[in-house]
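Enquirer: Please find one structure pasted underneath; my questions will follow.
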Amino acid sequence: MTQADVADAMAKASASGATVVSQGYVSRAEAGRLTVTDDRLAMYATALGYPRGLLCLAPEADGAGVGLIHHRKRASLSVATLRHVRAQLALTHIQLRGLTSAAGNPASGHRFTRVALDDLVTAEDAAGRVRRSWGIPPGPVPDMIGAIEEAGGLVVVRDLGGGLLDAAGQWGPHGAPLLLVSNRAPGLRRRFGLAHELGHLVMHTDPGSGPEQEKQADAFAAEFLMPASDIRKDFTDRVDLPKLMELQRTWRVSMTALLRRALDLGAVTEWRHRTVTAEMSALGYRTAEPAEIARERPGLVSELVRALLDEHGLPLAEAASRAYLLPEDFQRLYVESDRTSSL
Ligand SMILES: [Zn+2]
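Take a look at the structure:
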């Protein structure tokens, strides 16, 4: 919403429905140059569709809204989309903190560690270390979201705007990392996007130089999902379309990523890579995988919500208020999300 949109919505939300609110008022309020109280606060909250309490949180004190946000850099990504993603992360942190404290288990342990890259430690090494420390056996990762959750990370499906971003991640202010996955990303991209974000979380502590970090995160994701020592034997036969289709089912990675992996491991020549890529383009496989997989779904957060509502007997309105959400939004984001096929 623009500030003018907010001003309009506030006017409509006023008791008389005709109070005049200027864009300048909203601008000063957002800049912290005036204090919003009483009726105006209620109007503001109604206009934005959140309970008043959310607007009274101090973002810095609560640790949300700060910290490095990782996402796949795409040239066409607009500033508005990035702000949207940033807001989604900040709000989701606040919601989850409210819900975990309501459940009485704040800051449960996690097994995410950081790996500093240097001349001797590569992104591939980092991926191997994480796999080992998480106890992932050799071979494909059957459930990427499951692996992250098993390690104590939180995964939530959200609208990341525009469909250009598949995932975004951020260390929690006081605990486990939070990974958002786009509700539009198909199954295979969902997995690779999360592995890429995991790489950022593990390896990168500062925004750094974009292109270099992107390459490292991709190398991490490739090794995490397709460890060189495990997948090499699958590339000993001729790497063609039927072979890639077969490997896609086993490894749950796109044919494009598999072919790229084969090139990086020296299992196919540049020429062969180009030829097969052209074949895939001609068949439309580059935009839509021929054998897309079912989307993996997070389970940890919905389990927490189920326990709150069913075992602790917390009324839905109370759970919503703990998450700083209106009941209908809480219902949509945390209760129904499981059952909605688009998520
Ligand atoms: Zn990235």
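Each step along the sequence shown adds one to the number in our numbering, with nothing skipped, and position 77 is 82.
For each residue, glycine too, the CB sits at the ideal point set by N, CA and C.
#1: Specify the secondary structure class of Val71 as computed by DSSP and reduced to three states.
#2: What does the Cβ neighbour count give for Ala172, buried or exposed, with the cut at 16 atoms within 10 Å?
#3: Is the region 307 to 323 touching the region 17 to 37 in the sense that three or more CB pairs, one from each, lie closer than 8 Å?
#4: Go ahead and label Val126 buried or exposed: buried means 16 or more other beta carbons lie within 10 angstroms of its beta carbon, across all protein chains shown.
#5: Verify the contact flag: Ala224, CB atom, against every heavy atom of ligand 1, threshold strictly below 6 Å.
#6: The beta strand (DSSP E) that contains Arg265, what's its start and end?
#7: Taking the alpha carbon of Ala92 as the reference point, which residue from Leu264, Leu288, Val258 and Met6 has its own alpha carbon closest?
#8: Is Met48 closer than 7 Å to Ala18 when the C-beta atoms are compared?
#9: Using a 10 Å radius around the Cβ and a threshold of 16 neighbouring Cβ atoms, would you call Arg327 buried or exposed?
#10: With respect to 6 Å, is the separation between the Cβ of Glu219 and the closest non-hydrogen atom of ligand 1 below this value?
#11: From Ser187, Gln175 and Gly198, pick the residue whose C-alpha is nearest to that of Asp211; which is it?
#12: Quick test of your reading: Leu193 and Ile298, contact by CB under 8 Å. State the CB separation rounded to the nearest angstrom.
#13: What is the DSSP secondary structure of Gly3, reduced to helix, strand or coil?
#14: Which residues in the same chain have their Cβ closer than 7 Å to the Cβ of Gly158, if we skip the five residues on either side of it in sequence?
#15: Between Val207 and Arg195, how many whole angstroms is the CB-CB distance? I'm expecting something under 8 Å.
#16: Less than 7 Å between the beta carbons of Gly167 and Thr86, yes or no?
#17: Quick check: what's the CA-CA separation for Ala227 versus Val244?
#18: Measure from the alpha carbon of Glu202 to the alpha carbon of each residue in Arg189, Ala325 and Lys220, then state which is nearest.
#19: Which full runs of the alpha helix (DSSP H) of 4+ residues lie inside the region 123 to 176, going along the chain?
#20: Mark Val71 as exposed unless 16 or more other C-beta atoms lie within 10 angstroms of its C-beta, in which case mark it buried.
#21: Please go through the same chain and pick out, in chain order, the residues whose beta-carbon is closer than 7 Å to the beta-carbon of Ala12, but skip the five residues on each side of it.
#22: Tell me whether Leu184 sits in a helix, a strand or coil according to DSSP, three-state version.
#23: How many angstroms separate the CA atom of Gly239 from the CA atom of Arg302?
#24: Contact between the region 244 to 262 and the region 144 to 152: three or more CB pairs below 8 Å?
#25: Enumerate in chain order the residues of its own chain whose CB-to-CB distance from Phe229 is below 8 Å, with the five nearest sequence positions on each side excluded.
#26: For His209, count neighbouring C-beta atoms within 10 Å of its own C-beta (all shown protein chains included) and say buried if the count is 16 or more, exposed if not.
#27: Measuring CB to CB, does Ala224 end up less than 7 Å from Glu129?
#28: Could you give the distance in angstroms between the alpha-carbon of Glu275 and the alpha-carbon of Asp123?
#29: Would you decide whether Pro295 is buried or exposed? Buried here means 16 or more other CB atoms lie within 10 Å of its CB.
Expert: In brief:
#1: The pLDDT assigned to Val71 is 48, lower than 50, so where the model puts this residue is not dependable; a value taken from the coordinates is nonetheless given after this. Val71: coil per DSSP, three-state reduction.
#2: buried
#3: no
#4: exposed
#5: no
#6: Taken as a continuous stretch (DSSP letters only), Arg265 belongs to no beta strand (DSSP E), being part of the alpha helix (DSSP H) at Met260 to Asp269.
#7: Met6
#8: yes
#9: buried
#10: yes
#11: Gln175
#12: The Cβ separation is near 6 Å, so the contact holds.
#13: Nothing can be reported for residue 3, as the shown portion of the chain is limited to 6 through 348.
#14: His115, Phe117, Ala181, Pro182 and Leu184
#15: Incorrect: roughly 19 Å between the Cβ atoms, too far for contact.
#16: yes
#17: 17 Å
#18: Residue nearest to Glu202 within the set Arg189, Ala325 and Lys220 is Lys220 (criterion: CA-CA distance).
#19: List check, alpha helix (DSSP H) in window: 128 to 138 and 149 to 155.
#20: Per-residue confidence for Val71 stands at a pLDDT of 48, beneath the threshold of 50, marking its modelled position as unreliable; the derived number appears in the next sentence. Counting Cβ neighbours within 10 Å, Val71 comes out exposed, since fewer than 16 surround it.
#21: Excluding its 5 nearest sequence neighbours in each direction, Ala12 has C-beta neighbours in its own chain below 7 Å: Val26, Ser27, Gln28, Tyr30 and Val31, listed in chain order.
#22: Residue state, collapsed to three classes: strand.
#23: According to the sequence shown, residue 239 is Asp rather than Gly. About 28 Å.
#24: yes
#25: Ala132, Val135, Arg136, Val146, Ala200, Leu203 and Gly204
#26: buried
#27: yes
#28: 29 Å
#29: Pro295 counts as exposed, since fewer than 16 other C-beta atoms from the protein chains shown sit within 10 angstroms of its C-beta.
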